[in-house]
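Residue numbers (the numbering used here), protein chains in the order written: chain F, 215 to 609; chain E, 215 to 609.
Glycine included, C-beta positions come from ideal geometry on N, C-alpha and C.
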């Protein structure tokens, strides 16, 4: 009944569903407040007040036929201009509306980008650990993911390994910083190293290589950490952005792709990506959400709430004896499993009502991911449970 | 720079862009009120008042984390239930939330449906004339469109021809009623004939054949015309729906796919389509728009406005001597070109500031499409221009 290509996905899908169902079962049995669910990357901090006010203002100001109507498949011109100007103010770039394609969130933005550039068999290099949905996005266009290693002490890219992996089949390198699942932010030095190798390989192979920067967590950077703006370091860069986390609008499906002037044949690529947005079925990013972004382009979620969670969880886990790189961004922590098989560790944690995602779901066994976009009480109340879990492993 | 598969699309894209640019140029030169632009299927009737009120109510009632947050990839349970109940009340069906997958409009719904069922090389039969975007949607999954003929007097499907076209490569038949570009509504008898042939061929070939009913114009039916609900006639039916036209929300990208219990392995197909919705990058239909639909499931646009346009344009064109099937639904009219090459007719019309789309853009040369979702004044003022055009052809 279903397409052959969908069958491997469905097997994987069942595993994820079982995990969610178990969480629901535990909450029903024990009460939600007694389940320490760190498995979901769904923001718990509400959208900032500006969003609601923007909606009310838009309903007063806008002609309904325009507000809810079709526009260019790339998005409303004024919204794209507002996004470009905000980026220019903050990062010293020189974007205009011609560089901004509004999309149905970053997931659709990535699909549009890959559809624009991939030929069957093309390889996309991704540093592990990574968000495994990328595999399906790449497969959608008959591409192939090539995993590149990271340093397991820092989760920084292994630059030498990258060099060896780029071949005449490579079409793109995909980076995600601040990173899901590690919370690591790539330094300017790292971005420069990646760019230098890609430049060198582009010359050597006589082949265009794209850098795709998936940045839904850009605004979630703590302690004033600097997140370099990647188009400044490498010309053939797509920046894929989402307001899902930065404005807590994940269900609304609103984001954009940046296609800089510096990219080879930038205008053609932009037009192609716009057409890809159309025929993928998205057609355009949701119109009211676009208008909201136009008004809230510099609004911010309450980052302090995530930061407080980060500190409490990191200090708590360290105090229990667990080993973890302190995350600088996003709302994830990637904990080293005290035993090699981290699925065994996850199973043991469930006895203490702790839910975590095994690192093998991010192409990195031996670790577990904790999403700390939960209430502060959940963090505080979970520490004694983690302490019991640590004791079980003699930490 | 761009993917090989996108190149044919880009050639086509340029032609469409040139047409739009010409419209803009004419409006700038002559004043918008002097250009009779019948080329765009963008609703000119505003969304009903219930939409704005629903947004205001939702902002008061809903928890922001829920309202803007992720939900099941299939959509909010309560919204899917509301959609199902509305269909049940109106069409005597027995749907539940288990049968309703909320999507990013009908274009995404069609893509999700095709991704769910198509294997490379699978054929999808479509009656011409039809919305040519279907070609790209089918190609997205390496399928192949097979055009089936219609009776040129009625634009009803040629049932005998359909019978001959269904082979062991056929995976689906796609119908669109009320139809773009003809405005024709398939009668119950026609749906029954299509269903009977598909049942017969399913048996004969031992192969599942899907009927895909693309129904964005279902609610735009005039003179009380009956639009049969297709799942009642054929079990393996997907209904793809959009609120773009029925509630004038095309930019918002909100619709759904119905996967009835009667479909073979319905639950598996539903789960697969939900996963397809996820990995396509849509992830889920926009959350606020879903909640709006939950509250406005029975709201209606001002159909009388379109009906008045329909009558005025049809009578006006007939009076000029043009030949056209009177549309029963949607907001399109498919006019017979007085000369074989309808692009020549379109070019001649431009002299009178009339913009129409050639039938070859709907796989049906010799005709032109007029979208009458324009102001009533545009219709009235265009008739003298059409009269001059008719005179040129000796009508």
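For this session: Under 7 angstroms Cβ to Cβ from residue 599(F), same chain only, skipping five residues before and after it: list those, please.
Result: Closer than 7 angstroms at the Cβ level, and outside the excluded window around residue 599(F), lie 250, 566, 567, 568.
Exercise. Is the number of C-beta pairs between the stretch 276 to 289 of chain E and the stretch 415 to 434 of chain E that are closer than 8 angstroms three or more?
Worked result: Cβ pair count under 8 angstroms is below three, so no.
For this session: Leaving out five residues on either side along the sequence, give the residues of the same chain with a beta carbon under 7 angstroms from the beta carbon of residue 562(F).
Result: Spatial neighbours of residue 562(F) in its own chain (CB-CB distance under 7 angstroms, excluding positions within 5 residues in sequence) are listed in chain order as 603, 606.
Exercise. Hey, does residue 273(E) have any beta-carbon neighbour from chain F nearer than 8 angstroms?
Worked result: At least one chain F Cβ lies under 8 angstroms of residue 273(E).
For this session: Report the residue ranges of all beta strand (DSSP E) runs contained in full by the stretch 308 to 360 of chain F; include only those spanning at least 3 residues, in chain order.
Result: The stretch 308 to 360 of chain F contains these whole beta strand (DSSP E) runs: 314 to 317, 337 to 341.
Exercise. For residue 486(E), which residues of its own chain have a beta-carbon under 7 angstroms away from its beta-carbon, when the five flanking residues on both sides are left out?
Worked result: Contacts found: 330.
Exercise. On the three-state DSSP scale, how would you describe residue 385(E)?
Worked result: Three-state DSSP puts residue 385(E) in a strand.
Exercise. Can you tell me where the beta strand (DSSP E) with residue 426(E) in it begins and where it stops?
Worked result: Per DSSP, residue 426(E) belongs to the beta strand (DSSP E) from 424 to 428.
Exercise. Does residue 224(F) come within less than 8 angstroms of chain C when only Cβ atoms are used?
Worked result: In the structure shown, chain C does not exist; the protein chains are F and E.
Problem set entry | Separation of residue 234(E) from residue 401(F), as counted between CA atoms | For residue 401(F) and residue 234(E), the gap between their C-alpha atoms comes out near 45 angstroms.
For this session: Kindly list, in the order they appear in chain F, the residues whose Cβ is closer than 7 angstroms to that of residue 501(E).
Result: Residues of chain F with a Cβ closer than 7 angstroms to the Cβ of residue 501(E) are, in chain order, 465, 466.
Exercise. Based on the DSSP secondary-structure assignment, which residues constitute the bridge partners of residue 583(F)?
Worked result: For residue 583(F), which the question treats as bridged, DSSP gives the partners 548(F), 571(F).
Exercise. What's the gap between the Cα of residue 467(E) and the Cα of residue 320(E)?
Worked result: Here the alpha carbon of residue 467(E) sits roughly 8 angstroms from the alpha carbon of residue 320(E).
Exercise. To the nearest whole angstrom, what separates the beta carbons of residue 445(F) and residue 317(F), a pair I think is in contact under 8 angstroms?
Worked result: With a contact defined as Cβ atoms closer than 8 angstroms, residue 445(F) and residue 317(F) miss out at about 17 angstroms.
For this session: Could you say which of 383(F), 391(F), 300(F) lies nearest to residue 543(F) if we only look at CA atoms?
Result: Among 383(F), 391(F), 300(F), the Cα nearest to that of residue 543(F) is on 391(F).
For this session: Could you work out which residues of chain E lie near residue 364(F), taking near to mean beta carbons separated by less than 7 angstroms?
Result: Result: empty, since nearest Cβ-Cβ is about 25 angstroms, beyond 7 angstroms.
For this session: Give the residues from the stretch 353 to 379 of chain F that approach chain E closer than 8 angstroms (Cβ to any Cβ), ordered along the chain.
Result: The stretch 353 to 379 of chain F vs chain E, Cβ under 8 angstroms: 354, 355.
Problem set entry | For residue 247(F) and residue 592(F), the rounded distance between their alpha carbons | In this model, residue 592(F) and residue 247(F) are separated by some 7 angstroms (Cα to Cα).
Exercise. For residue 543(E), which of helix, strand or coil comes out of DSSP?
Worked result: In the three-state reduction of the DSSP assignment, residue 543(E) falls in the strand class, which pools E and B.
Problem set entry | Residues, ordered as in the chain, of the stretch 299 to 327 of chain F that lie near chain E by beta-carbon distance below 9 angstroms | Residues of the stretch 299 to 327 of chain F whose Cβ lies closer than 9 angstroms to any Cβ of chain E, in chain order: 317, 318, 319, 320, 321, 322, 323, 324, 325, 326.
Exercise. For residue 315(E), which option in 532(E), 441(E), 483(E) has the closest C-alpha, if you only look at C-alpha atoms?
Worked result: Ranked by Cα distance from residue 315(E), the first of 532(E), 441(E), 483(E) is 483(E).
For this session: List the DSSP bridge partners of residue 390(E).
Result: In the DSSP output, where bridge partners are listed per residue, residue 390(E) has 428(E).
Exercise. Which value, in whole angstroms, describes the spacing of the CA atoms of residue 340(F) and residue 517(F)?
Worked result: Their Cα atoms are separated by approximately 28 angstroms.
Exercise. Per DSSP, what kind of secondary structure is residue 396(F) in: helix, strand or coil?
Worked result: In the three-state DSSP reduction, residue 396(F) falls in the coil class, being neither helix nor strand.
Problem set entry | DSSP three-state assignment for residue 368(F), whether helix, strand or coil | In the three-state scheme derived from DSSP, where H, G and I count as helix and E and B as strand, residue 368(F) is classed as coil.
For this session: Tell me residue 250(E)'s beta-bridge partners as DSSP assigns them.
Result: In the DSSP secondary-structure assignment, residue 250(E) is bridged to 568(E).
Exercise. Given a threshold of 16 other Cβ atoms within 10 Å of its Cβ, counted over all protein chains shown, does residue 524(F) qualify as buried or as exposed?
Worked result: Counting the other Cβ atoms within 10 Å of the Cβ of residue 524(F) gives 16 or more, which makes it buried.
Problem set entry | Start and end residues, alpha helix (DSSP H) containing residue 528(F) | Note, residue 528(F): alpha helix (DSSP H), 517 to 534.
Problem set entry | Inter-stretch contact (C-beta, 8 angstroms, three-pair minimum) for the stretch 356 to 370 of chain F and the stretch 384 to 398 of chain F | By the Cβ criterion, the stretch 356 to 370 of chain F is in contact with the stretch 384 to 398 of chain F, since at least three pairs of Cβ atoms, one from each stretch, lie closer than 8 angstroms.
Problem set entry | 8 angstroms contact criterion, which residue 265(E) and residue 461(E) should meet: CB distance rounded | Contact holds; Cβ gap of about 7 angstroms.
Problem set entry | Helix, strand or coil at residue 452(E) according to DSSP, with G and I counted as helix | Three-state DSSP puts residue 452(E) in a strand.
For this session: Return the CA-CA distance between residue 492(E) and residue 499(E), expressed in angstroms with no decimal places.
Result: In a straight line, the C-alpha of residue 492(E) is about 10 angstroms away from that of residue 499(E).
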